[in-house]
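Asks: If you count the sequence shown from 1, you need to add 188 to reach the numbering used here. Cβ atoms here follow ideal geometry from the backbone N, Cα and C, with glycine treated the same way. First, the structure itself, so that you have it in front of you.
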Amino acid sequence: MTVTAFAPETEERFALARQVADAVLFEGYVLYPYRASAAKNRLRWQFGVLVPPGWGAEYEEHDFQHTECLMEPKAGATLSIEVRFLHARRRTVQRTRPDGGYDTVPELRLDDRVLMPWDEGSEERVEVVASVDELFGDGVTHAFRRPAREDTEPVLDAAGRTVGRLVRRCEEISGTIRLSVRELDGPYRTLRLTAVVENTSDWTPSGSHGAGRDAALPHSLVATHLLMALSAGSFLSMTDPPEWAEGAVAACRNLHTWPVLAGEPGRADLVLSSPIILEDHPAIAPESPGALYDATEIDEILALRTAALTDEEKREARGTDERAAAVIELADSMPAEVLERLHGAVRSLREVTGPGPAAPGPAADPAVPHTGFPDEYGVQRPDTPWWDPASEAGFDPARDRVLVDGLPVGKGSRVALRPGLRRTDAQDIFLQGRTATVEAVLHDVDGGVHLAVTVEGDPGADIRREQGRFLYFQPDEVTPLEEDG
Numbered sequence: 189m190t191v192t193a194f195a196p197e198t199e200e201r202f203a204l205a206r207q208v209a210d211a212v213l214f215e216g217y218v219l220y221p222y223r224a225s226a227a228k229n230r231l232r233w234q235f236g237v238l239v240p241p242g243w244g245a246e247y248e249e250h251d252f253q254h255t256e257c258l259m260e261p262k263a264g265a266t267l268s269i270e271v272r273f274l275h276a277r278r279r280t281v282q283r284t285r286p287d288g289g290y291d292t293v294p295e296l297r298l299d300d301r302v303l304m305p306w307d308e309g310s311e312e313r314v315e316v317v318a319s320v321d322e323l324f325g326d327g328v329t330h331a332f333r334r335p336a337r338e339d340t341e342p343v344l345d346a347a348g349r350t351v352g353r354l355v356r357r358c359e360e361i362s363g364t365i366r367l368s369v370r371e372l373d374g375p376y377r378t379l380r381l382t383a384v385v386e387n388t389s390d391w392t393p394s395g396s397h398g399a400g401r402d403a404a405l406p407h408s409l410v411a412t413h414l415l416m417a418l419s420a421g422s423f424l425s426m427t428d429p430p431e432w433a434e435g436a437v438a439a440c441r442n443l444h445t446w447p448v449l450a451g452e453p454g455r456a457d458l459v460l461s462s463p464i465i466l467e468d469h470p471a472i473a474p475e476s477p478g479a480l481y482d483a484t485e486i487d488e489i490l491a492l493r494t495a496a497l498t499d500e501e502k503r504e505a506r507g508t509d510e511r512a513a514a515v516i517e518l519a520d521s522m523p524a525e526v527l528e529r530l531h532g533a534v535r536s537l538r539e540v541t542g543p544g545p546a547a548p549g550p551a552a553d554p555a556v557p558h559t560g561f562p563d564e565y566g567v568q569r570p571d572t573p574w575w576d577p578a579s580e581a582g583f584d585p586a587r588d589r590v591l592v593d594g595l596p597v598g599k600g601s602r603v604a605l606r607p608g609l610r611r612t613d614a615q616d617i618f619l620q621g622r623t624a625t626v627e628a629v630l631h632d633v634d635g636g637v638h639l640a641v642t643v644e645g646d647p648g649a650d651i652r653r654e655q656g657r658f659l660y661f662q663p664d665e666v667t668p669l670e671e672d673g
């Protein structure tokens, strides 16, 4: 095993994935309105926090992440691992006394900003490179440590006079990365990779009443996630695996994290294991003007709200954190054309027709059906629209039936809900195994079929029926409970 800087090609691949990983790293780092005094900034860092084991056992927070995924490495391949996290850095504010000493104060007001106590996040990385062959058996274990440290920064007023200072302190943290592989039975040489990241700090609360979360955070690995790259070979998608690997993927254990393919679409040699559920090959929207940190809120809304803050609110936000100050400047300086781009983007459009035949005329082939005429710009226009309202006449949501497991399912049918792994959201997961009544069978313009249902035992079912506000599942996400009579 080696612990060293990555090879240039590996570093280049990681750089692309870090754009998304940064959004994970700083998810919820500072929330709108970006002020330390805001109530929602009193409880921060909800994702990927690995607390000291001596504290987490009492407060039911996690001290480890356990990732398992499948890979098909080529002979002689190496695995590069980068664990990234934030190290909480506690900042206190002090005012200069006439005698040259300092007093700790709740705030220090300057012309351009208001400085307040705050926990900053310092990015940390731990890099491990090992050959795949080293990972068999007991695998590889790498321990790391970051020592406690303290530094000060003078605070100057507009005239350049020292009026105070900021004192920043980091507590010691330590952790372990454990990597191992096991070859699976089957026709292909497939390995199950296990990567465990643990907080091994021996810090425990002092005093008879213990300590709260704020006391544990400086000893925690915050927003922890990892990047894994193969030098030769590929990983298998955990959300859309090949059919032969579905059983092996289902047997993988992922605790407090979830691995997805990362990097350029079409490649499968890089994985991001994140505490936030993502899809394969996640990417930052090209319209996004910069990091806003506010838990994946909508950029347009945040930009408009931030620009509308009062001058006093902006002063405090600038003094809260350098990243918060950057958000204020971004919102205040955003050109109109950039803000307009944030209003929305359509990514689902795709070309569904090729070039049409020549328009009717002496040279046209009468054997070729006529599908439309070019407009004044030379663009071929079809005779009929992409969707014809008259085509709906053949559908009746209250009477239509669809076959599920050989049984007809329609309005009034009872079904068990089995939300699809690739299509569900977090709310649907809570409905796994619940029984429901089908209220309608709906067809979309792309030929898809959807079942509108109400969950049995839902006290609001009658209101949902009255308002037409149903839950929707595809036929392969339900199991019929009885045959229609």
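DSSP on Val138, reduced to helix/strand/coil?
Replies: As displayed, the chain neither begins before 189 nor continues past 673, which places residue 138 out of reach and without an answer.
Asks: Measure the beta-carbon distance from Val385 to Gln253 and round it to whole angstroms, keeping in mind my assumption that it falls under 8 Å.
Replies: Their Cβ separation, rounded to whole angstroms, is 5 Å, which keeps Val385 and Gln253 in contact under 8 Å.
Asks: Does DSSP put Asp675 in a helix, a strand or coil?
Replies: An answer regarding residue 675 cannot be provided, because it is not within the stretch 189 to 673 covered by the chain.
Asks: So, do the stretch 408 to 426 and the stretch 437 to 447 have three or more beta carbon pairs nearer to each other than 8 Å?
Replies: Cβ pair count under 8 Å is three or more, so yes.
Asks: Report the residue ranges of all beta strand (DSSP E) runs contained in full by the stretch 445 to 509; include only those spanning at least 3 residues, in chain order.
Replies: Listed in chain order, the complete beta strand (DSSP E) runs (minimum 3 residues) inside the stretch 445 to 509 are 446 to 449, 458 to 462.
Asks: What three-state label does DSSP hand Asp664 in the structure shown?
Replies: If DSSP states are grouped into helix, strand and coil, Asp664 belongs with the helices.
Asks: List the whole-angstrom C-beta distance separating Ala318 from Thr388, where the pair is believed to meet the contact cut-off of C-beta under 8 Å.
Replies: About 20 Å separates the two Cβ atoms, so there is no contact after all.
Asks: Give me whichever residues DSSP pairs with Cys358 in a beta bridge.
Replies: Its beta-bridge partners are Arg337.
Asks: Label Val314 either buried or exposed according to how many other C-beta atoms from any shown protein chain fall within 10 Å of its C-beta, with 16 as the threshold for buried.
Replies: Val314 comes out buried.
Asks: Is Gly242 helix, strand or coil when you go by DSSP?
Replies: DSSP places Gly242 in helix when its eight states are reduced to three.
Asks: Label Gly421 either buried or exposed according to how many other C-beta atoms from any shown protein chain fall within 10 Å of its C-beta, with 16 as the threshold for buried.
Replies: With 16 or more Cβ atoms within 10 Å of its Cβ, Gly421 is classed as buried.
Asks: Does chain C have any CB closer than 9 Å to the CB of Pro447?
Replies: The structure shown contains no chain C; it holds only a single protein chain.
Asks: For Val237 versus Asn229, is the C-beta spacing smaller than 9 Å?
Replies: Contact flag unset, no.
Asks: If the criterion is Cβ atoms closer than 9 Å, does the pair Ala491 and Leu480 meet it?
Replies: Cβ distance < 9 Å, so Ala491 and Leu480 count as in contact.
Asks: Let me know the secondary structure DSSP gives Asp291 once reduced to three states.
Replies: Strand at Asp291.
Asks: In or out: Pro447 buried (at least 16 other Cβ within 10 Å) or exposed?
Replies: With 16 or more Cβ atoms within 10 Å of its Cβ, Pro447 is classed as buried.
Asks: Looking at the strands, I want to know which residues DSSP matches up with His531.
Replies: In the DSSP output, where bridge partners are listed per residue, His531 has none listed.
Asks: Whose C-beta lies closer than 6 Å to the C-beta of Leu204 among residues of the same chain, with five residues either side of it excluded?
Replies: Contacts found: Gly451.
Asks: Residues bridged to Gly598 by DSSP?
Replies: Paired residue(s): Arg589.
Asks: Got a sec? Which residues, its chain only, sit under 8 Å from Thr382 by beta carbon, not counting five neighbours each side?
Replies: Hits under 8 Å: His254, Thr255, Glu256, Gly327, Arg366, Leu367, Ser368, Val369, Arg370.
Asks: Tell me whether the stretch 406 to 420 and the stretch 279 to 295 touch, counting them as touching only if at least three CB pairs, one residue from each stretch, are closer than 8 Å.
Replies: In short, these stretches do not touch, since the Cβ pair count stays below three.
Asks: According to the Cβ coordinates, are Pro523 and Ser601 closer than 9 Å?
Replies: No, Cβ-Cβ distance for Pro523 and Ser601 is not below 9 Å.
Asks: Taking DSSP's pairing of strands, which residues face Pro261 in a bridge?
Replies: Answer is Gly421.
Asks: My assumption, with CB atoms under 8 Å, is that Ile516 sits in contact with Thr494. Please give the rounded CB distance.
Replies: Yes, they are in contact, since the Cβ atoms of Ile516 and Thr494 sit about 6 Å apart, within 8 Å.
Asks: Find out if the Cβ-Cβ distance for the pair Ala411, Gly478 is shorter than 9 Å.
Replies: Their beta carbons are not under 9 Å apart, which means Ala411 does not touch Gly478 by this criterion.
Asks: Cβ atoms of Ile361 and Arg333: under 9 Å apart, would you say?
Replies: Closer than 9 Å, so yes.
Asks: First and last residue of the alpha helix (DSSP H) that includes Thr198?
Replies: Note, Thr198: alpha helix (DSSP H), 196 to 213.
Asks: Of the choices Phe202, Arg301, Val281, Phe214, whose alpha-carbon is the least far from that of Lys502?
Replies: Of Phe202, Arg301, Val281, Phe214, the residue nearest in Cα terms is Arg301.
Asks: If you drop the 5 nearest sequence neighbours on each side, which residues of the same chain put their C-beta closer than 6 Å to that of His469?
Replies: Same-chain partners within the cutoff: Leu449, Pro453.
Asks: Where does Tyr618 land, buried or exposed, given buried means 16+ other C-beta within 10 angstroms?
Replies: According to the sequence displayed, residue 618 carries Phe and not Tyr. Counting Cβ neighbours within 10 Å, Phe618 comes out exposed, since fewer than 16 surround it.
Asks: Per the DSSP calculation, His413 is bridged to which residue(s)?
Replies: Arg272, per the DSSP bridge assignment.
Asks: Count the other CB atoms, across all protein chains shown, that sit within 10 Å of the CB of Arg206; report buried if there are 16 or more and exposed otherwise.
Replies: Buried, since its Cβ has 16 or more Cβ neighbours within 10 Å.
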